[in-house]
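Number of protein chains: 2
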Amino acid sequence: MHICMDWKSINFDWNRARAFLVTAEEGSLSAAARALGVAQPTLGRQVDAIEKELGIILFDRVGRNLVLTPTGLELLEHVRAMGEAANRVSLAAFGQSQSIEGTICITASDVHAAFLLPPILKNLRQQEPGIDIEIIATNTTSDLRRREADIAIRSFRPTQPDLIARKIKDVSARLYATPDYLQKIGNPTTPYGLKDADFIGFDHTDALINALNTLGLNLTQRNFPVLSENLLVQWEFVKQGIGIGIMQSDVGDHESVVRRVLPDLEPLTFPVWLVAHRELSTSRRMRMVFDLLAKELAKALA
Amino acid sequence: MHICMDWKSINFDWNRARAFLVTAEEGSLSAAARALGVAQPTLGRQVDAIEKELGIILFDRVGRNLVLTPTGLELLEHVRAMGEAANRVSLAAFGQSQSIEGTICITASDVHAAFLLPPILKNLRQQEPGIDIEIIATNTTSDLRRREADIAIRSFRPTQPDLIARKIKDVSARLYATPDYLQKIGNPTTPYGLKDADFIGFDHTDALINALNTLGLNLTQRNFPVLSENLLVQWEFVKQGIGIGIMQSDVGDHESVVRRVLPDLEPLTFPVWLVAHRELSTSRRMRMVFDLLAKELAKALA
DNA sequence: TCCAATCCATGCATATATGCATATCAAACC
DNA sequence: GGTTTGATATGCATATATGCATGGATTGGA
Numbered sequence: 000m001h002i003c004m005d006w007k008s009i010n011f012d013w014n015r016a017r018a019f020l021v022t023a024e025e026g027s028l029s030a031a032a033r034a035l036g037v038a039q040p041t042l043g044r045q046v047d048a049i050e051k052e053l054g055i056i057l058f059d060r061v062g063r064n065l066v067l068t069p070t071g072l073e074l075l076e077h078v079r080a081m082g083e084a085a086n087r088v089s090l091a092a093f094g095q096s097q098s099i100e101g102t103i104c105i106t107a108s109d110v111h112a113a114f115l116l117p118p119i120l121k122n123l124r125q126q127e128p129g130i131d132i133e134i135i136a137t138n139t140t141s142d143l144r145r146r147e148a149d150i151a152i153r154s155f156r157p158t159q160p161d162l163i164a165r166k167i168k169d170v171s172a173r174l175y176a177t178p179d180y181l182q183k184i185g186n187p188t189t190p191y192g193l194k195d196a197d198f199i200g201f202d203h204t205d206a207l208i209n210a211l212n213t214l215g216l217n218l219t220q221r222n223f224p225v226l227s228e229n230l231l232v233q234w235e236f237v238k239q240g241i242g243i244g245i246m247q248s249d250v251g252d253h254e255s256v257v258r259r260v261l262p263d264l265e266p267l268t269f270p271v272w273l274v275a276h277r278e279l280s281t282s283r284r285m286r287m288v289f290d291l292l293a294k295e296l297a298k299a300l301a
Numbered sequence: 000m001h002i003c004m005d006w007k008s009i010n011f012d013w014n015r016a017r018a019f020l021v022t023a024e025e026g027s028l029s030a031a032a033r034a035l036g037v038a039q040p041t042l043g044r045q046v047d048a049i050e051k052e053l054g055i056i057l058f059d060r061v062g063r064n065l066v067l068t069p070t071g072l073e074l075l076e077h078v079r080a081m082g083e084a085a086n087r088v089s090l091a092a093f094g095q096s097q098s099i100e101g102t103i104c105i106t107a108s109d110v111h112a113a114f115l116l117p118p119i120l121k122n123l124r125q126q127e128p129g130i131d132i133e134i135i136a137t138n139t140t141s142d143l144r145r146r147e148a149d150i151a152i153r154s155f156r157p158t159q160p161d162l163i164a165r166k167i168k169d170v171s172a173r174l175y176a177t178p179d180y181l182q183k184i185g186n187p188t189t190p191y192g193l194k195d196a197d198f199i200g201f202d203h204t205d206a207l208i209n210a211l212n213t214l215g216l217n218l219t220q221r222n223f224p225v226l227s228e229n230l231l232v233q234w235e236f237v238k239q240g241i242g243i244g245i246m247q248s249d250v251g252d253h254e255s256v257v258r259r260v261l262p263d264l265e266p267l268t269f270p271v272w273l274v275a276h277r278e279l280s281t282s283r284r285m286r287m288v289f290d291l292l293a294k295e296l297a298k299a300l301a
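So the protein sequences, as listed, match chains A and B. Numbering that gives the first Met the number 0 puts the first residue of the first sequence at 0, with every later residue one more than the last. Numbering that gives the first Met the number 0 puts the first residue of the second sequence at 0, with every later residue one more than the last.
Structure representation (structure tokens):
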């Protein structure tokens, strides 16, 4: 090391840099303030302060919102790098933390969150009352590397090498509808009988259609007049006789108001993976929750 | 961008991270406080706070000083990355600044600082009173990329691609001593006559010896009983008759108490480069000083 | 063994930053 | 055109962080 290393170049207020980063990424002071959990005037003053401190203009105040100046854009690139490093700091710190107390954030599909997790969480809460649990129920995949969640329950194998993943098992999914609806479309017993049926779909992509057609059906977009990204909403539609929906077998078979469509049709199968960031695997709290989830999920899906 | 990007992982106090970084790099709270220009208790409390905030122990308080824990070492790596990014932020901000007011930090060898810069700085101060100048006179090369200085006067061509360099000219250096000393060693007129002379050296490396020997001398470490990294100190030794020293010709020839040793010996030559960080070239203040330095240096060295 | 130097911790007065409530403003909508 | 909505600024009371002075502890050396 130098006799006297020079730190004046990093001797600006780093929190103000963070304020700038989040404001630029979120697009407004208000949104950034919400995201960071601080008041909007605070963030506004921090951005003003860093502009003064560095002697540059980061945002043009145009109308009711801020737009980045070219200077701001230039700086944003470097501040982003700070943010990514800060993220790694946070990850490493969490991983090193040996305290069992604290929060764990779990993300799962809404179906898993609603039907699978409640009894498991009950166990966990009893066993470790010091651990708080936050559930993010979403069908969009959260980015574990940004630590949007600590543990994810996924239906695909993650590819990033810095994630650790454990396959719990394969689960099956089948088509369900109410007896009323099935009668309305003539109690079909062959795939051909479903050619004009209404299905509840997930989105406009053909992924589900293709999967079902490989099982012998012959569906098109026309068969999916009702869409929802929320699988619980889909399931309510099915239970109320709107149409045919797909659901995990163990959930569908336990729902008395519906029954299988084409009971002998081969089910769809998909895996259940438990995923966490590798850095976090050294955290005692993390391991505790991860291992308990793995054990209980395997039991629940048996 | 996600619907609601999650920033909680970077929502720790970044200034505390900086406090940890500098403390770890400097080795003590006191040194870090000096380096950052804050009080030592402030830094101590910031380090305490980040330990609490992240729930980890960064330093072991052993005796009167701090030593990194393995956890601290692990985190330091990531915090270093934050620091490097912060450094780039600072560089970019400076480069984008169009204000002519402010400070410019120039590093040069002590000889250049003492003999070359004074008249140039006088000009600069007259021409641009709003620009403050800080001179780092050292014979160790400052790291421009860390912004230990804004402009450097160097005697070698920098290799890093993110630096801009302009060669001013080649200058020559010769051997000087007092008439008294030369008489004492028998007024040598050939390289052989210097075989037992005392030279003032820079350090224990053979670089200078090798350079002189290529001119026909035949010196060894024995000829360098007096060493100083400070060339001005060397020069005082020479002027007081301690031995023979090397000095830029234009400085040595204007010093009346010394004269050339072996006047017909071919001089050593080395280039003078003006160097700055590429990011800074867009700064108005920077360009002003850089261009003036280039012009005046060329004139002064003519 | 004592002394001096150097470092970290603590108390307290002060400076700084934050949050809340509110004013102000611009754009979209009826 | 007025109204609503969602944004940025400002005033003020409060919370938080900082600096200074000081105490306590450890190391290295006379």
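The C-beta atom is built at its ideal place from N, Cα and C for all residues, glycine as well. Here the structure is a predicted model, which means the values were calculated and not measured.
key: Assigned secondary structure, G192/B (DSSP; H/G/I helix, E/B strand, else coil)   = Here residue 192/B refers to the residue found at position 193 when the second sequence is read from its first residue. Three-state result, G192/B: helix.
task = Assuming D197/A and P224/A form a contact by the criterion Cβ under 8 Å, report the distance between their Cβ atoms to the nearest whole angstrom.
result = Locating residue 197/A in the first sequence gives position 198, counting from the first residue. Locating residue 224/A in the first sequence gives position 225, counting from the first residue. The pair is a contact, with the Cβ atoms about 6 Å apart (cut-off 8 Å).
inquiry  = I need the DSSP call for C3/A, collapsed to helix, strand or coil.
reply    = The residue given as residue 3/A occupies position 4 in the first sequence. For C3/A, the pLDDT reaches just 43, beneath the cut-off of 50, and the residue's location in the model is therefore unreliable, although a value from the coordinates is still provided. Note: C3/A maps to coil in three-state DSSP.
query = Rounded to the nearest angstrom, how far is the Cβ of L120/B from that of A275/B, given a contact under 8 Å?
reply = The sequence position of residue 120/B within the second sequence is 121, counting from 1. The sequence position of residue 275/B within the second sequence is 276, counting from 1. Actually they are not in contact, since the Cβ atoms of L120/B and A275/B sit about 17 Å apart, beyond 8 Å.
message = Whole angstroms are fine: how far does the CA of W272/A sit from the CA of D12/A?
response = Stepping through the first sequence from its first residue, residue 12/A is reached at position 13. Stepping through the first sequence from its first residue, residue 272/A is reached at position 273. Distance between the alpha carbons of D12/A and W272/A: 42 Å.
key: Proximity test, Cβ basis, 8 Å: I9/A and chain B   = To locate residue 9/A, count along the first sequence from 1; it is residue 10. I9/A counts as touching chain B.
message = Residues of chain B with CB closer than 7 Å to the CB of S108/A, please, in chain order.
response = Within the first sequence, the letter at position 109 stands for residue 108/A. Per Cβ cutoff of 7 Å: no residues; S108/A is ~16 Å from chain B at best.
request  = Mind the definition here: the segment 234 to 251 of chain A touches the segment 159 to 176 of chain A only if three or more C-beta pairs lie below 8 Å; say whether that holds.
outcome  = yes
query = Mapping DSSP to helix, strand and coil, what is T306/B?
reply = With chain B represented from 0 up to 301, any question about residue 306/B goes unanswered, as that position is not in the structure.
query = Which of the three DSSP states, helix, strand or coil, is assigned to R79/B?
reply = Position 80 of the second sequence, counting from 1, holds the residue named residue 79/B. R79/B: helix per DSSP, three-state reduction.
message = At the level of alpha carbons, what is the spacing between L116/B and D290/B?
response = Residue numbering aside, residue 116/B sits at position 117 when the second sequence is read from its first letter. Residue numbering aside, residue 290/B sits at position 291 when the second sequence is read from its first letter. So the alpha carbons of these two residues sit roughly 14 Å apart.
message = Strictly below 8 Å CB to CB, what residues from chain A border D47/B?
response = The residue you call residue 47/B lines up with position 48 of the second sequence. Ordered by position in chain A, no residue passes the 8 Å Cβ test against D47/B, which lies about 15 Å from the chain.
task = Answer with buried or exposed for R17/B, where buried requires no fewer than 16 other C-beta atoms within 10 angstroms of its C-beta.
result = Taking the first residue of the second sequence as position 1, residue 17/B is located at position 18. Per the 10 Å Cβ criterion, buried.
query = How would you call C3/A, buried or exposed, if buried means at least 16 neighbouring beta carbons within 10 angstroms?
reply = Here residue 3/A refers to the residue found at position 4 of the first sequence. Confidence is the limiting factor: at C3/A the pLDDT is only 43, short of 50, which leaves the residue's position unreliable, though a coordinate-based value still follows. Label assigned to C3/A: exposed.
message = Could you compute how far the alpha carbon of I134/A sits from the alpha carbon of V260/A?
response = Taking the first sequence and counting its residues from 1, one reaches residue 134/A at position 135. Taking the first sequence and counting its residues from 1, one reaches residue 260/A at position 261. Approximately 32 Å between the Cα atoms of the pair.
ask   = Among K168/B, D149/B, L231/B, A34/B, which has the Cα closest to the Cα of R156/B?
value = Numbered from its first residue, the second sequence carries residue 156/B at position 157. Cα-wise, what sits closest to R156/B is K168/B.
request  = Please name the residues in the segment 57 to 74 of chain B whose beta-carbon is closer than 8 Å to at least one beta-carbon of chain A, in chain order.
outcome  = T70, E73, L74
Residues that DSSP places opposite T106/B in a beta bridge = Reading the second sequence from its first residue, position 107 is the one you call residue 106/B. Answer is I135/B, A151/B, bridged to T106/B.
query = Are I99/A and I150/A closer than 8 Å when you measure CB to CB?
reply = As a first step, residue 99/A is located in the first sequence; it is residue number 100 there, counting from the start. As a first step, residue 150/A is located in the first sequence; it is residue number 151 there, counting from the start. No; because the gap between Cβ atoms is not below 8 Å, this pair is not in contact.
request  = Less than 8 Å between the CB atoms is what I'm expecting for W313/B and V21/A, so what's the real figure, rounded?
outcome  = Residue 313/B lies beyond the stretch modelled for chain B, which goes from 0 to 301, so this question has no answer here.
query = Alpha carbon to alpha carbon, what distance is there between L74/B and A80/A?
reply = For the purposes of this step, residue 80/A is taken as residue 81 along the first sequence, with counting starting at 1. For the purposes of this step, residue 74/B is taken as residue 75 along the second sequence, with counting starting at 1. Near 16 Å, if we compare the C-alpha coordinates of L74/B and A80/A.
key: For I208/B and D47/B, the rounded distance between their alpha carbons   = Taking the first residue of the second sequence as position 1, residue 47/B is located at position 48. Taking the first residue of the second sequence as position 1, residue 208/B is located at position 209. Approximately 52 Å, taken between the alpha carbons.
key: Rounded C-alpha distance that separates A23/A from N64/A   = Here residue 23/A refers to the residue found at position 24 when the first sequence is read from its first residue. Here residue 64/A refers to the residue found at position 65 when the first sequence is read from its first residue. A23/A and N64/A: Cα-Cα distance of roughly 11 Å.
ask   = Buried or exposed: where does A91/B fall if 16 or more other Cβ atoms within 10 Å of its Cβ makes it buried?
value = Start at 1 with the first residue of the second sequence, and residue 91/B comes out as number 92. So A91/B ends up on the buried side.
inquiry  = Between S302/B and chain A, is any beta-carbon pair separated by less than 8 Å?
reply    = Because chain B spans 0 through 301 in this model, residue 302/B falls outside it and cannot be assessed.
key: Q303/B versus E254/B: straight-line alpha-carbon distance, rounded   = The displayed coordinates of chain B run from 0 to 301. Any statement about residue 303/B would go beyond what the structure contains.
message = Measuring alpha carbon to alpha carbon, tell me which residue in K298/A, T177/A, I184/A, N138/A is nearest V306/A.
response = For chain A, the structure presents residues 0 to 301; residue 306/A sits outside this window and is missing.
request  = With hydrogens ignored, establish whether the beta-carbon of E228/A is closer than 7 Å to any heavy atom of the ligand ZN.
outcome  = As presented, the structure is devoid of all ligands, the ligand ZN included, so that no description of it is given.
message = For the segment 276 to 301 of chain A, list every residue whose C-beta sits within 7 Å of some C-beta in chain B, in sequence order.
response = none
ask   = Which of helix, strand or coil does DSSP assign to A62/B?
value = Your numbering for residue 62/B matches position 63 in the second sequence. According to the sequence displayed, residue 62/B carries Gly and not Ala. Coil at G62/B, not helix or strand.
message = When you compare the CB positions of P270/A and K166/A, do they come within less than 8 Å of one another, or not?
response = The residue given as residue 270/A occupies position 271 in the first sequence. The residue given as residue 166/A occupies position 167 in the first sequence. In this structure, K166/A lies closer than 8 Å to P270/A by Cβ.
ask   = For L67/B, which beta-bridge partners are listed by DSSP?
value = On the second sequence, residue 67/B is found 68 positions in, with the first residue counted as 1. Paired residue(s): F58/B.
inquiry  = Beta carbons nearer than 7 Å to chain A: which residues of the segment 141 to 162 of chain B have them?
reply    = R145, R146, E147
ask   = Within this structure, are the beta carbons of L231/A and A113/A separated by less than 8 Å?
value = Counting from one through the first sequence, the residue named residue 231/A turns up at place 232. Counting from one through the first sequence, the residue named residue 113/A turns up at place 114. Yes.
key: For T70/A and I56/A, believed in contact at Cβ under 8 Å, the rounded distance   = Numbered from 1 along the first sequence, position 57 holds the residue referred to as residue 56/A. Numbered from 1 along the first sequence, position 71 holds the residue referred to as residue 70/A. Going by Cβ atoms, the distance from I56/A to T70/A rounds to 6 Å, so yes, they are a contact pair.
query = Does the beta carbon of V78/B sit closer than 8 Å to a beta carbon anywhere in chain A?
reply = By 1-based counting over the second sequence, the position of residue 78/B is 79. With 8 Å as the cut-off, V78/B counts as an interface residue toward chain A.
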